[in-house]
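Colleague: This is the structure I have questions about; it appears just below.
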Amino acid sequence: MPWFLHLALRQLFPPGKRFPAFATVSILGVALGVASLLVVQTVMNGFGEEHRLRIRESFGDCLVTGPAPIEKPEALAKELAARPEVASASLFAEGPALARNGDFSGIAQVRGIDPTDPGQPARKYVVGGSFDDLDDGRIILGYGLARALRVRVGDRVEVWSPAMAERAEKGKAPLPAEFEVCAVVVTGFTEVDNAAALIPLRRFREIWNLGPRAHGLTLRLKEPALAAATAGRLAVGHPELRFRPWQDIKKDFLEAIRFEKTMLFFLMFIITLVASFSIGSTLFSAVIRRSREVGVLASLGAARWQVVALFGLQGLLIGALGTLLGFLLTWTILSFRDGILGAINSLFGGGDMVANVYQFSKVPLHYDASDFFIAAAFTLLTTAIAGLVPALWAAGRKPSEAMRDA
Amino acid sequence: MPDVVLQARGLAKAFASPAGRLPVLTDVSLEVFAGESVSIRGSSGSGKTTLLQQLGGLDQPDAGEVRILAPGAGLVAPRTSLGRGVGFVFQNYQLMPELTALENVALAARVAGASASSATEAARALLVQVGLGARLEHLPAKLSGGECQRVAIARALVNRPSVILADEPTGNLDERTGAEIMDLLLGVVADRGAALILVTHSREFAERAARRFVLSGGVLSPA
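Residue numbers (the working numbering), protein chains in the order written: chain A, 1 to 406; chain B, 1 to 223.
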C-alpha cells in the first residue's frame with residue numbers, strides 16, 4: 001500500500017476511535033445524499049413501470065384502428081395472430097353512450113370485448129363482483145362511473161347509444177339497453193375509471209348497429225418493449241390501418257413521468273452536492289489544521305503529487321464509503337418502504353395516498369442499475385473534487401510557510 | 001580532509017513587512033564537513049530557523065545557493081536531497097499524531113522510496129538505538145516530550161542523511177531531558193557519520209558542538 005494511502009486511512013480513521021467525527025459525519029452525509037437520490041429514482045422507476053404496465057394492459061401492446069370500422073375484423077385478427085411477434089389479437093368496439101340509473105346519469109365510454117378471452121386485462125383490476133359473470137345482460141363499470149351512477153354490483157343501469165337516437169329520428173321508439181352490474185374495475189387511470197363500461201362485443205354490435213364489424217384490435221406482443229418496431233412491421237400491407245404501439249398511446253403521460261424523474265434526479269443530486277461541499281469545507285479546515293504536517297511531509301521529501309494524493313484520497317474514500325453505505329441505506333429503506341409510508345401516514349394523517357390516489361397495493365419500485373451507476377459516478381466525482389481542491393491548496397504551499405502556520 | 005556535506009554561499013533572505021523589505025539573512029556562507037557538529041546560536045527572531053530552512057531546502061533564498069551531499073548524487077540542491085541527503089529535527093517534534101512511533105519513523109523511509117518491510121525494519125532498529133524499543137506501537141499522544149523527540153531523531157536518521165538539521169531540539173524539554181536528548185543527538189549522529197547543524201539559543205548546548213557560530217543582524221560569525 002502506498003504510504004500516502006496508508007496515512008490517508010489513518011487520518012480518516014485514527015486508531016482507538018471507533019467513530020471518528022469527521023469521517024463518520026462526512027460518510028453519513030454522502031450516504032444520505034446517495035440514498036435520497038436512489039430511493040426517489042427507484043420509486044419513480046417503479047411508478048413509471050407500473051404505469052407502463054397499466055397502459056399496456058388497458059390499451060394492449062399495439063392498438064390497430066382504422067378511419068372507419070374494420071369490415072372483416074375476425075380475418076384480420078386471425079392473420080395478425082399468426083405473425084410470430086404477436087401473442088394474441090382480440091377485437092373490440094367502442095363508443096360513447098349515456099348511462100343512467102334513475103336520476104343519476106353519466107357519459108360512458110362503452111367497450112365491447114370478448115369475455116371469453118383469458119388475457120382480458122380488465123380481469124386484473126376487478127375490485128368487486130366477477131369478470132366471469134359478464135354476459136349479454138351484464139356490464140362491468142369503472143369505479144368512478146359506478147359512483148357517479150350510484151350503483152353497486154347487482155344494480156341495474158340503462159345504456160343509451162347514439163344508434164338509438166338515429167332510431168328515434170326515424171320515428172321508431174328507442175328503448176335503452178338494460179344491464180346488471182356484474183363487476184367494478186379500478187385501473188388507476190382516472191379517465192378510464194370515470195368512464196369505462198365493458199360489455200360483450202356481440203351485444204355492443206347489436207346496440208350500435210355495427211353488424212360484423214369492429215372498431216379495432218388490441219394485440220399482445222411477445223416483446224412489448226419492441227412494440228414500436230413491431231408495429232411498423234405489422235403495418236406493412238395494411239396502409240388503411242393505424243398500428244399504434246403502447247408507447248405512442250400515452251406518449252405525453254410517459255414523457256411527463258420521464259421528465260418528472262429527471263427533475264427529481266437533479267433536485268436530489270443537489271443534496272449530494274451539498275454533502276460534497278460540506279466534505280470540501282471540512283477537509284479544508286482539516287488541511288489547514290494539518291499545515292505543519294504538510295510541511296513535515298515536504299521536509300521528508302514527499303512530492304507535491306503525493307501530498308495531493310494524501311488529501312484527495314480522503315475525499316475519494318469518503319465518497320466511496322458514503323456511496324456504498326448509501327446503496328445499503330437505499331436497499332434498507334426500500335425494503336421497509338410500506339412500513340415507513342404507513343408510519344408517515346399514521347403520523348400526519350391523510351390516509352394511504354398510494355392506495356387512494358395511485359391505486360397501487362404497495363409503493364412500486366424498480367431497481368435500475370444505470371441509476372446506481374450514475375449516482376456512484378456523480379458522487380465519487382464531486383467528493384473527489386471536494387477533496388482535491390484543499391489538497392491542491394496544501395500541496396501548493398511553501399513548506400516553510402506551512403510549518404510556520406497552523 | 002573529510003568531504004564537504006553542506007555548502008552555502010552568499011545566502012540572503014528578506015521578508016515583506018509593512019515597513020518594507022526586512023532583511024533576515026545577509027550574505028551567509030557556511031561549509032560543513034562529514035561527521036562534524038556545528039551550532040548556530042542567536043536570540044529569538046535572529047533568523048536561525050530561516051537559515052535552517054534555506055539550508056534544508058524548505059524555502060528558497062533570495063540570493064546565494066546551497067548544496068548538500070546526497071548519497072550517490074554528489075552535491076545537489078537541497079530540495080532534491082530532501083529526505084535523503086538531509087534530515088530534520090524540529091522543536092515541536094512534528095510527528096504524525098495518527099501514526100505509532102514505529103510508523104512515524106518508517107514513514108520517512110517510505111517517502112524516500114523504501115519498501116514497507118525494509119522501512120519498518122530500519123525504523124525498528126533506530127528506535128531501539130534511541131531507547132524506545134518498548135514504545136514502538138505507542139502513538140505520539142502516549143509518549144512524553146523526550147520520547148517524542150527521540151522518535152523525531154530516529155525519523156531524521158532513518159534514511160542515513162549526510163546532514164541533520166536540528167531546530168531547537170531541546171526547546172520544549174526540561175533541562176534534564178534536554179541534556180539527555182543532546183547526548184543522544186550528538187552520539188547517534190556521530191555514530192552514523194552524519195554532520196549536525198544545531199540551531200539553539202542555549203549557550204550550554206551550543207558549546208558542545210565542534211564549531212560554533214552566532215547569527216546576529218543577518219550575519220553568521222564564529223562564536
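Using N, Cα and C, we set each Cβ at its ideal position, and we do this for glycine too.
(1) Which residues bound the beta strand (DSSP E) around B/A134?
(2) How long is the line joining the alpha carbons of B/C148 and A/A303, rounded to whole angstroms?
(3) Around the C-beta of A/A35, are 16 or more other C-beta atoms found within 10 angstroms, so that it is buried, or is it exposed?
(4) Which residues mark the beginning and the end of the alpha helix (DSSP H) in which A/R147 is found?
(5) Helix or strand or just coil, what does DSSP make of A/P239?
(6) Below 8 Å on the Cβ atoms is my contact criterion, and I expect B/L186 with B/S37 to pass it. Report the Cβ-Cβ distance as a whole number of Å.
(7) On the premise that A/A197 lies in contact with A/L145, defined as a C-beta separation below 8 Å, what is that separation, rounded to the nearest angstrom?
(8) Give me whichever residues DSSP pairs with A/F269 in a beta bridge.
(9) Taking the CB atoms as reference points, tell me whether A/T65 and A/R337 lie closer together than 9 Å.
(10) Should B/N92 be flagged as near chain A, meaning a C-beta pair shorter than 9 Å?
(11) Give the range of the alpha helix (DSSP H) segment to which A/G137 is assigned.
(12) Give me the Cα-Cα distance between A/I344 and A/F372, rounded to the nearest whole angstrom.
(13) Provide the residue(s) that pair with B/I228 in DSSP beta bridges, ordered along the chain.
(14) Let me confirm a value: A/G216 is counted as buried when at least 16 other C-beta atoms fall within 10 Å, else exposed. Which label applies?
(15) Looking at C-alpha atoms only, which residue of A/R100, A/G188, A/M263 is the closest neighbour of A/G127?
(16) Does DSSP classify A/A302 as helix, strand or coil?
(17) Straight-line CA distance for B/L139 to A/S370?
(18) Based on the DSSP output, what are the partners of A/E94 in its beta bridges?
(19) Using a Cβ-Cβ cut-off of 9 Å, state whether A/A377 counts as contacting chain B.
(20) Spatial neighbours of A/Q11 within its chain, please: C-beta separation below 6 Å, excluding the five flanking residues on both sides.
(21) Taking one C-beta from the segment 94-105 of chain B and one from the segment 148-162 of chain B each time, how about it: are there three or more such pairs within less than 8 Å?
(22) Going along the chain, which residues of its own chain have a beta-carbon closer than 6 Å to the beta-carbon of A/T323, five neighbours each way excluded?
(23) So what does A/P200 bridge to, in DSSP terms?
(24) Hey, is A/A395's beta-carbon within less than 9 Å of any beta-carbon in chain B?
(25) Check B/A123 in the structure and name its three-state DSSP category.
(26) Anything in chain B within Cβ reach of A/L297, meaning under 8 Å, just list it in chain order.
(27) By a C-beta neighbour count over all protein chains shown, 10 Å radius and 16 as the cutoff for buried, is A/V236 buried or exposed?
(28) When burial is assigned at 16 or more other CB atoms within 10 Å of the CB, is B/S46 buried or exposed?
(29) Would A/V307 pass as a contact of A/A384 if the rule is Cβ separation under 9 Å?
(30) Roughly how many angstroms separate the alpha carbons of A/R244 and A/K170, rounded to a whole number?
(31) DSSP puts A/R83 in a beta bridge; with which residues?
(32) Taking the beta carbon of A/A177 as the centre, do at least 16 other beta carbons fall within 10 Å, making it buried, or is it exposed?
(33) For a test of the three-state rule: what should DSSP assign to B/G218, helix, strand or coil?
(34) So does A/S276 have its beta carbon nearer than 8 Å to some heavy atom of the ligand FAD?
(35) Using the three-state DSSP reduction, which class does A/T65 fall into: helix, strand or coil?
(36) Is it buried or exposed, A/K222, if we count other Cβ atoms within 10 angstroms and call 16 or more buried?
Modeller: On the basis of the data shown:
(1) From DSSP, B/A134 is part of no beta strand (DSSP E); its letter is neither H nor E.
(2) 25 Å
(3) buried
(4) 143-149
(5) Here A/P239 sits in coil by DSSP.
(6) 6 Å
(7) 6 Å
(8) Answer is none; A/F269 lacks a bridge partner.
(9) no
(10) yes
(11) Taken as a continuous stretch (DSSP letters only), A/G137 belongs to no alpha helix (DSSP H), as it is neither H nor E.
(12) 26 Å
(13) For residue 228 of chain B there is no data in the structure shown, the boundaries of chain B being 1 and 223.
(14) Buried, by the Cβ-count rule.
(15) Just to set this straight, residue 127 of chain A is Val in the shown sequence, not Gly. Residue A/G188 is the option with its Cα nearest to A/V127.
(16) Coil, per DSSP.
(17) 45 Å
(18) Answer is A/R111.
(19) no
(20) A distance below 6 Å between beta-carbons, with the five flanking residues on each side excluded, links A/Q11 to no residue of its chain.
(21) yes
(22) Take A/T323, set aside five residues on each side of it, and the residues of its chain with a beta-carbon closer than 6 Å to its own are V34, A376, T379, in chain order.
(23) According to DSSP, A/P200 bridges with A/I113.
(24) no
(25) Per DSSP, reduced to three states, the secondary structure at B/A123 is helical.
(26) V111
(27) Exposed, because fewer than 16 other Cβ atoms sit within 10 Å of the Cβ of A/V236.
(28) buried
(29) no
(30) 37 Å
(31) DSSP lists no partner for A/R83.
(32) buried
(33) coil
(34) Only the bare structure without any ligand can be found here, which leaves the ligand FAD out of the picture.
(35) strand
(36) exposed
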